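If you count the sequence shown from 1, position 188 lands on 242 in the working numbering, and the numbers rise without skipping. C-beta: ideal position from N, C-alpha, C; glycine also. For clarity, every value in this text was computed on a predicted model and none was experimentally measured. Below is one structure, written out as structure tokens; the observations come after it.
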Amino acid sequence: MSDAITPSAFDASEGVADWRVLFGGATANFETRSFATGVALVARIGDLADAVNHHPDVDLRYGSVTVRLISHDVGTISRRDADLARQISLAAAELGIVARPDSVQAVQLAIDAHVHAAVMPFWRAVLGYEPRGEEDLDDPLGRGPSIWFQQMDPPRAGRNRIHVDVCVPPDQGEQRVAAALAAGGRLVSSHAPTWWTLADAEGNEVDVATMAGRE
55 MSDAITPSAF DASEGVADWR VLFGGATANF ETRSFATGVA LVARIGDLAD AVNHHPDVDL
115 RYGSVTVRLI SHDVGTISRR DADLARQISL AAAELGIVAR PDSVQAVQLA IDAHVHAAVM
175 PFWRAVLGYE PRGEEDLDDP LGRGPSIWFQ QMDPPRAGRN RIHVDVCVPP DQGEQRVAAA
235 LAAGGRLVSS HAPTWWTLAD AEGNEVDVAT MAGRE
């Protein structure tokens with residue numbers, strides 16, 4: 055039986071206040087303030103992951119560690135991710151490390167196509183990406199943003215064919231939209247709280263998305 059859970063079920067799990075569900079899994083950012091402290095946290099995460107044979111993606115930087123959890127066998131987050139998230143947060147707290155849930159996000163590029171199957175092979179070849187299903191490409195190294203090929207039917211005048219999707223925590227969505235509008239953007243459409251479509255002064259578009267309402 056699958057142990058997959060919804061974003062709201064993850065959020066309701068015990069001990070996961072440091073974490074936010076975004077595109078690609080549950081994510082946490084820990085402010086380590088030094089490289090040595092970050093290395094110590096990564097070592098603890100490695101021990102915890104090996105103990106349960108469930109391994110996250112970890113990004114170690116000078117002053118922070120970002121961790122992403124997803125269960126690839128079920129294609130989404132699972133109860134295993136919630137359990138490991140709780141253990142990682144406890145390890146961080148024991149090391150005196152503070153989480154920054156307001157700083158996490160996931161970025162995705164979207165290409166609007168009349169026939170996405172006709173253009174997807176080009177982008178796969180030129181970027182060295184790998185397919186995920188029939189509409190997505192992923193960086194096999196997990197470094198670059200994923201690419202989603204969106205069916206554009208019918209085409210909309212005044213819109214570029216490539217746009218950016220940025221997924222932020224639900225409690226950051228309205229704030230991010232307000233900041234973009236204050237910086238000269240305009241609101242194209244609103245599907246709050248799940249996503250807002252914004253455009254810059256020349257019509258380049260971005261979707262500010264959250265996982266709210268995606269059960």
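| Item | Value |
| --- | --- |
| Tell me I165's beta-bridge partners as DSSP assigns them. | F203 and I216 |
| Hey, quick one: how far does the beta strand (DSSP E) through W250 stretch, first residue to last? | W249 to A253 |
| In whole angstroms, give me the CA-to-CA distance for A164 and R215. | 8 Å |
| Could you say if the stretch 177–187 and the stretch 241–259 meet the contact criterion of at least three C-beta pairs nearer than 8 Å? | no |
| Any idea what DSSP makes of F77, helix, strand or coil? | coil |
| Taking the alpha carbon of E85 as the point to measure from, which residue in S157, A179, A172 and A136 has its own alpha carbon closest? | S157 |
| If you follow the beta strand (DSSP E) that E259 is part of, which residue opens it and which one closes it? | E259 to A263 |
| Over the uninterrupted beta strand (DSSP E) stretch that includes P185, give me the two end residues. | E184 to R186 |
| Name the residue from P223, A66, Q229 and V180 whose alpha carbon lies nearest to the alpha carbon of R133. | A66 |
| What are the boundary residues of the alpha helix (DSSP H) that L138 is part of? | R133 to E148 |
| With 16 other CB atoms within 10 Å as the buried threshold, where does P223 fall? | buried |
| Helix, strand or coil: how does DSSP classify H126 here? | coil |
| Cβ of V218 within 7 Å of Cβ of V262? | no |
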